[in-house]
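Numbering (our numbering), first residue to last: 109 to 260. Glycine is no exception: its CB is placed at the ideal position from the N, C-alpha and C atoms.
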Amino acid sequence: MREFQKAFAGKAAQIAAVGLGDVSYAKAFREETGIEFPLLIDERREAYRAIELKSGNLAHLFWKTNREGRKRARASGHRQHRFGKDPFQLGGSFVFGSGNVDYFTHVSETFGDNARPEALLEAIPTAQQSAAQADRPGEFISPADCISQKRC
109 MREFQKAFAG
119 KAAQIAAVGL
129 GDVSYAKAFR
139 EETGIEFPLL
149 IDERREAYRA
159 IELKSGNLAH
169 LFWKTNREGR
179 KRARASGHRQ
189 HRFGKDPFQL
199 GGSFVFGSGN
209 VDYFTHVSET
219 FGDNARPEAL
229 LEAIPTAQQS
239 AAQADRPGEF
249 ISPADCISQK
259 RC
């Protein structure tokens, strides 16, 4: 995602990542990956539960799609970083807008099942579309409130 950060900024959107680790894990992850966007910490898995993200298991490691994903990742220069609090927690990708609008939702089914950054970029509405759909234009809501109260 870090390669796409400028493209998101060009659409007046911001990337944020949510991780399960503590502050020291997040700091190490930031240093290892070189990400510059916000890295939010969810040690108690509140956001993961609110969004109903899934968990993988050992069997997922042997799925064909997972093997192919690991091969693509290695070819692209990605590597497995140290394991976090729950190595089986799967992720997701979302584009939220104000006014309780979900523009894009992808819940990972297995390891490496990630939404394409291009699909996320395509889902970001123009400022005019966003303002027309917002029932509370201009309201700021924190990521935690956004997720826990389903107000984004």
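For residue i, the three-state DSSP class (helix, strand or coil)
i	result
Leu148	strand
Arg153	coil
Gly129	coil
Gly118	helix
Thr87	Residue 87 lies beyond the range of the chain shown here (109 to 260); nothing can be said about it.
Gly177	helix
Phe170	helix
Phe196	coil
Contacting residues, own chain, Cβ-Cβ under 8 Å from residue i (five flanking each side not counted)
i	result
Gly127	Tyr133, Ala134, Phe137, Leu147, Leu148, Ile149, Asp150, Gly192
Under 9 Å between C-beta atoms of residue i and residue j
i	j	result
Ser216	Asn222	yes
Phe112	Ala125	no
Lys162	Ile232	no
Arg152	Asp194	no
Gln197	Gly164	yes
Beta-carbon separation (whole angstroms), residue i vs residue j, contact threshold 8 Å
i	j	result
Ile143	Arg110	5 Å
Thr218	Thr173	6 Å
Chain-order list of residues whose beta-carbon lies under 7 Å from that of residue i (same chain, five-residue window excluded)
i	result
His168	Asn174, Thr218, Phe219
Asp130	Ile149, Glu151
Ala115	Leu229
Do the region 221-236 and the region 196-211 meet, that is, are 3 or more Cβ pairs less than 8 Å apart?
yes
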